[in-house]
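Engineer: Below you'll find the structure I mean.
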Amino acid sequence: MEKIKIIIDNKELEAKKGQTILEAAKENGIEIPALCFHPDLNIKANCRICLIEIKGKKGLLTACSTKAERGMEVITESPEIRKARKINLELIFGQHCEECGDCVRNHNCRLLDLAQEYGIKSSRFSDRKAEFPCYNFDSALVYDSSKCIDCRNCVEACARQNVHYLEVKKNKSFYEVVPSENPKRDCIYCGQCLVHCPVGAFEAVGEFEDVEKPLQDKNKFVIFQFAPAVRTSIGEEFGMTAGAIVTEKLVGAIKKLGVNKVFDVSVGADFTTIEEAKELIERKPSELPVLSSCCPAWVKFVEFYHPEFIPNIATTRSPHIFLGSLIKSYFAEKEKLDPKNIVVVSVMPCVAKKYEVIRDELRINGLKPVDYVLTTRELAFLLKKKNIDFKTAKEEKPDIPFGVPSGAGVIYGATGGVMESALRTAYEKINGRPLKNFNLKEVRGQKAVKAATLKLGGKKIKVAVVNGLDKIEEILADIRKKPGLYHCVEVMACRGGCVGGGGQPVPVSDKIRAARAKSLYNIDDKAGVRLAHKNPVVEDVYRNFLTSEEKIKFFCHTKYSKKLKEN
Ligand code: SF4
Ligand code: SF4
Ligand code: SF4
Ligand code: FES
-18 MEKIKIIIDN KELEAKKGQT ILEAAKENGI EIPALCFHPD LNIKANCRIC LIEIKGKKGL
42 LTACSTKAER GMEVITESPE IRKARKINLE LIFGQHCEEC GDCVRNHNCR LLDLAQEYGI
102 KSSRFSDRKA EFPCYNFDSA LVYDSSKCID CRNCVEACAR QNVHYLEVKK NKSFYEVVPS
162 ENPKRDCIYC GQCLVHCPVG AFEAVGEFED VEKPLQDKNK FVIFQFAPAV RTSIGEEFGM
222 TAGAIVTEKL VGAIKKLGVN KVFDVSVGAD FTTIEEAKEL IERKPSELPV LSSCCPAWVK
282 FVEFYHPEFI PNIATTRSPH IFLGSLIKSY FAEKEKLDPK NIVVVSVMPC VAKKYEVIRD
342 ELRINGLKPV DYVLTTRELA FLLKKKNIDF KTAKEEKPDI PFGVPSGAGV IYGATGGVME
402 SALRTAYEKI NGRPLKNFNL KEVRGQKAVK AATLKLGGKK IKVAVVNGLD KIEEILADIR
462 KKPGLYHCVE VMACRGGCVG GGGQPVPVSD KIRAARAKSL YNIDDKAGVR LAHKNPVVED
522 VYRNFLTSEE KIKFFCHTKY SKKLKEN
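Per the numbering used here, the sequence shown runs over residues -18 to 548.
Structure representation (structure tokens):
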């Protein structure tokens, strides 16, 4: 990309042609305050916090919407700029009911930092939106409209998911973002509104208080299981860099909560891979393509918006539900525990999993496979509340038997990971020998759709990986037109896959998602076992517990149904 010279605060710097001043400044280590800007979304320039001066131009301009030009001289700090920013901050506080103690952004709030820096007394504005409602989106999300500053990032994020559940309506002197009353629109719980909101108006439904109770109860056997994506993101909540691999610190910190066992959901992913690969190999041509089933937001999208595709969704249980089902059956039997006394808590990058766990069709002998879901952020909050220092936590290994995953189970956290794991296993099942190169680069990376044709022995397998729901309608229309177009399609509702999930640390960007994903691939590269079906614990469970087709169907599969509006 062509480079140009610009001057910011009297320093000559290089910028890329076409870049905004906000981006050019950031790349050169100059932080211009900004609230509504998000690199994933269109520039709306409506908070007017990123004001700057440009020599030779009249008035103040917004850095997020002004392109850098050759020779431009930019000033980012002056008494006039500060005064204008302060007025704009006061206007924003005029729209935002602070409840900082409970806020998702509590430890990481740009608005609060700016209020302090600019000497804003936010209490002056109390009660101005007190009558604005809170909305619950089933058991997954809470939206507090009294905190909304009308940047409309959530509305765009939801529209990009092809959901269009959030709408703007006028309420007295404010514009209000509201959930749609249209019976044809419903939330799918992906949480993308949440991770794009600059002021914490959305949050996952909190469950950490419910989790504290069984931890105090001696009759309960409490098992925490953590998802693949959490190991390379939770460090961010404690000041570590995006992509820091903290698997063993995570286990050590969770153990300090007083839990009985800590298991790795990546082992559950190994089981899921085996069943999904079987579906890919065994389904009749008329039942193709197999659509992945790991992402509950995507499953809800199909059940609500496109029930005609329900027969295509893999019936295989998602990894944490799969493992929860085995914990309350195989593990309970082995350890002579009453499954009723086992409490399974999943630590997930996801808010949709809070909705998934209450689905009745997943129950095993009347019991929920997973009792509670904590998001990555929620676990970090719980650890901080208990004064557990994550950075210095003793490194410990997850517990046996579900503590050692294959590398294939770990990459589930990144877009393309589910497909890559299933193809590694399917290849060997079809050909009787393993793939020469396990790294299927065709399905990796941040592109919205990755289509590839792979030769699995004599057979050509056509696959697509859909990264976020931005392009989903086009893919579904293509499949409708040409049913044989793909054998298998992986869809993860969140951009980047679960590393970019609605339960992950904020802020997020493609750079952060890529760093989190890269570390998952690094773990896979170094893993002793890189094929799900070669994981010794998986082999053992199939040999000794999942011994018949009936048992496999009962413990490892589920069903779906058309859904009507729930919110
Ligand atoms: S959770 Fe997803 S579907 Fe629901 S409102 Fe937010 S962005 Fe839209
Ligand atoms: S809820 Fe958050 S993201 Fe949505 S418009 Fe309000 S401030 Fe912006
Ligand atoms: S992509 Fe992952 S984090 Fe996002 S909704 Fe789906 S399962 Fe949850
Ligand atoms: S960040 Fe530029 S106007 Fe909001």
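Note that CB positions come from ideal geometry on N, CA and C, so glycine has one too.
Judging by CA-CA distance, which residue of Leu437, Cys276, Lys410 is the nearest neighbour of Gly449?
Structural biologist: Taking the first residue of the sequence shown as position 1, residue 449 is located at position 468. Ranking Leu437, Cys276, Lys410 by Cα distance to Gly449 puts Cys276 first.
Engineer: Which residue from Tyr541, Leu261, Lys515 puts its Cα closest to that of Arg414?
Structural biologist: As a first step, residue 414 must be located in the sequence shown, where it is residue number 433. The shortest C-alpha separation from Arg414 is found at Lys515.
Engineer: Can you tell me the Cβ-Cβ gap for Gly484 and Pro330, rounded? I've got them flagged as a contact below 8 Å.
Structural biologist: Taking the sequence shown and counting its residues from 1, one reaches residue 484 at position 503. Taking the sequence shown and counting its residues from 1, one reaches residue 330 at position 349. Rounded, the Cβ-Cβ distance is 5 Å, consistent with contact.
Engineer: What's the gap between the Cα of Glu80 and the Cα of Asp131?
Structural biologist: What you label residue 80 is simply residue 99 of the sequence shown in a count that begins at 1. What you label residue 131 is simply residue 150 of the sequence shown in a count that begins at 1. Between Glu80 and Asp131, the C-alpha separation is close to 17 Å.
Engineer: For Arg133, is the beta carbon positioned less than 7 Å from some heavy atom of ligand 4?
Structural biologist: The residue labelled residue 133 in the question sits at position 152 within the sequence shown. No - ligand 4 has no heavy atom lying nearer than 7 Å to the Cβ of Arg133.
Engineer: Just to confirm before moving on: does the CB-CB distance between Phe383 and Leu304 stay below 8 Å?
Structural biologist: If you number the sequence shown from 1, residue 383 lands on position 402. If you number the sequence shown from 1, residue 304 lands on position 323. Yes.
Engineer: Rounded to the nearest angstrom, how far is the Cβ of Val444 from that of Cys469, given a contact under 8 Å?
Structural biologist: Residue 444 sits at position 463 when you count from the first residue of the sequence shown. Residue 469 sits at position 488 when you count from the first residue of the sequence shown. With a Cβ gap of about 5 Å, Val444 and Cys469 count as contacting.
Engineer: Check whether the Cβ atoms of Arg358 and Pro486 sit closer than 8 Å, and answer yes or no.
Structural biologist: Looking up residue 358 in the sequence shown gives position 377. Looking up residue 486 in the sequence shown gives position 505. Yes, these two residues count as a Cβ contact at 8 Å.
Engineer: Leaving out five residues on either side along the sequence, give the residues of the same chain with a beta carbon under 6 Å from the beta carbon of Ile62.
Structural biologist: Mapped onto the sequence shown, residue 62 falls at position 81. Contacts found: Leu32.
Engineer: Please work out which residues of its chain come closer than 7 Å, Cβ to Cβ, to Glu569, disregarding the five sequence neighbours upstream and downstream, and give them in chain order.
Structural biologist: Residue 569 lies beyond the range of the chain shown here (-18 to 548); nothing can be said about it.
Engineer: Roughly how far, in whole angstroms, is the beta-carbon of Gly181 from the beta-carbon of Cys84, given that I think they are within contact range, below 8 Å?
Structural biologist: Position 200 of the sequence shown, counted from the first residue, corresponds to residue 181. Position 103 of the sequence shown, counted from the first residue, corresponds to residue 84. About 4 Å separates the two Cβ atoms, so the contact holds.
Engineer: Exposed or buried, Glu257, counting other C-beta atoms within 10 Å across all chains shown (16 or more means buried)?
Structural biologist: Looking up residue 257 in the sequence shown gives position 276. Looking at its Cβ environment, which holds 16 or more other Cβ atoms inside 10 Å, Glu257 is buried.
Engineer: Answer yes or no: do Val351 and Ile302 have a C-beta to C-beta separation smaller than 8 Å?
Structural biologist: In the sequence shown, the residue the question calls residue 351 occupies position 370. In the sequence shown, the residue the question calls residue 302 occupies position 321. Going by C-beta atoms, Val351 is nearer than 8 Å to Ile302.
Engineer: By the 10 Å Cβ neighbour count, where 16 or more other Cβ atoms means buried, how is Asn163 classified, buried or exposed?
Structural biologist: Taking the sequence shown and counting its residues from 1, the one referred to as residue 163 is at position 182. The residue in question, Asn163, is exposed, as its Cβ has fewer than 16 Cβ neighbours within 10 Å.
Engineer: Just verifying my parser: in three-state terms, what is the DSSP assignment at Val19?
Structural biologist: As a working mapping, residue 19 is identified with position 38 in the sequence shown. Position check: residue 19 holds His in this sequence, whereas Val was assumed. Three-state DSSP puts His19 in coil, outside helix and strand.
Engineer: Distance, Cα to Cα, His538 vs Glu50?
Structural biologist: In the sequence shown, the residue the question calls residue 538 occupies position 557. In the sequence shown, the residue the question calls residue 50 occupies position 69. Approximately 58 Å, taken between the alpha carbons.
Engineer: Any chance you could list the beta strand (DSSP E) runs of at least 3 consecutive residues sitting entirely within the region 33 to 63, in chain order?
Structural biologist: 54 to 56
Engineer: Less than 8 Å between the C-beta atoms of Ile(-12) and Val55, yes or no?
Structural biologist: By 1-based counting over the sequence shown, the position of residue -12 is 7. By 1-based counting over the sequence shown, the position of residue 55 is 74. Against a cut-off of 8 Å, the Cβ pair of Val55 and Ile(-12) comes out as a contact.
Engineer: Based on Cα-Cα distance, which residue from Leu70, Leu261, Lys441, Gly(-1) lies nearest to Thr47?
Structural biologist: For the purposes of this step, residue 47 is taken as the residue at position 66 of the sequence shown. Per the Cα distances, Gly(-1).
Engineer: Quick one: is the Cβ of Phe74 within less than 7 Å of any heavy atom of ligand 4?
Structural biologist: By one-based count along the sequence shown, residue 74 stands at place 93. Checking the Cβ of Phe74 against ligand 4 gives no.
Engineer: DSSP three-state label for Lys532, please.
Structural biologist: Here residue 532 corresponds to residue number 551 of the sequence shown, with the count starting at 1. Helix at Lys532.
Engineer: Around the C-beta of Val149, are 16 or more other C-beta atoms found within 10 angstroms, so that it is buried, or is it exposed?
Structural biologist: Taking the first residue of the sequence shown as position 1, residue 149 is located at position 168. Per the 10 Å Cβ criterion, exposed.
Engineer: Closer than 7 Å to a non-hydrogen atom of ligand 2 - does that hold for the CB of Val180?
Structural biologist: The sequence position of residue 180 within the sequence shown is 199, counting from 1. Yes; taking the cut-off as 7 Å, the Cβ of Val180 has a heavy atom of ligand 2 nearer than that.
Engineer: Please indicate yes or no: does the CB of Cys129 lie closer than 7 Å to some heavy atom of ligand 1?
Structural biologist: Here residue 129 refers to the residue found at position 148 when the sequence shown is read from its first residue. Every heavy atom of ligand 1 is 7 Å or more from the Cβ of Cys129, so no.
Engineer: If contact is defined by three or more beta carbon pairs under 8 Å, each pair taking one atom from either stretch, is the region 241 to 250 in contact with the region 378 to 398?
Structural biologist: yes
Engineer: Is Ala333 a contact residue of ligand 3, with contact defined as CB to any heavy atom under 7 Å?
Structural biologist: Numbered from 1 along the sequence shown, position 352 holds the residue referred to as residue 333. Yes, the Cβ of Ala333 comes within 7 Å of a heavy atom of ligand 3.
Engineer: Rounded to a whole number of angstroms, what is the C-alpha to C-alpha distance between Tyr523 and Arg264?
Structural biologist: Sequence index remark: in the sequence shown, residue 523 carries index 542 (1-based). Sequence index remark: in the sequence shown, residue 264 carries index 283 (1-based). If you take the alpha carbons of Tyr523 and Arg264, they lie about 21 Å apart.
Engineer: Are the Cβ atoms of Gly482 and Ala498 separated by less than 8 Å?
Structural biologist: Counting from 1 along the sequence shown, the entry for residue 482 is found at position 501. Counting from 1 along the sequence shown, the entry for residue 498 is found at position 517. Cβ atoms of Gly482 and Ala498: not closer than 8 Å.
Engineer: Per the contact definition of three or more C-beta pairs closer than 8 Å, is the region 133 to 145 in contact with the region 172 to 186?
Structural biologist: yes
Engineer: Run the proximity test for Phe183: is its beta-carbon closer than 7 Å to any non-hydrogen atom belonging to ligand 2?
Structural biologist: In the sequence shown, residue 183 corresponds to position 202, counting from 1. Yes, since a heavy atom of ligand 2 falls inside the 7 Å radius drawn around the Cβ of Phe183.
Engineer: Tell whether a beta-carbon distance below 8 Å holds between Lys110 and Cys78.
Structural biologist: Here residue 110 is taken as the residue at index 129 of the sequence shown, counted from 1. Here residue 78 is taken as the residue at index 97 of the sequence shown, counted from 1. Their beta carbons are under 8 Å apart, which means Lys110 touches Cys78 by this criterion.
Engineer: When every heavy atom of ligand 3 is checked, does at least one fall within less than 7 Å of the C-beta of Pro330?
Structural biologist: Your numbering for residue 330 matches position 349 in the sequence shown. Pro330: yes, Cβ under 7 Å from ligand 3.
Engineer: What does Asn554 pair with, by DSSP beta-bridge criteria?
Structural biologist: Beyond the ends of the chain as shown, which are -18 and 548, falls residue 554; an answer cannot be given.
Engineer: Indicate whether Gly509 and Pro209 have their beta-carbon atoms separated by less than 8 Å.
Structural biologist: Walking along the sequence shown from the start, residue 509 turns up at place 528. Walking along the sequence shown from the start, residue 209 turns up at place 228. Cβ distance not < 8 Å, so Gly509 and Pro209 don't count as in contact.
Engineer: Mind listing, in chain order, the continuous beta strand (DSSP E) runs of no fewer than 3 residues lying wholly within the region 117 to 181?
Structural biologist: 122 to 125, 147 to 152, 155 to 160
Engineer: Candidates Asn9, Glu4, Thr406, Asn(-9): which alpha carbon is nearest Lys36's?
Structural biologist: Mapped onto the sequence shown, residue 36 falls at position 55. Taking only the C-alpha atoms, the option nearest Lys36 is Asn(-9).
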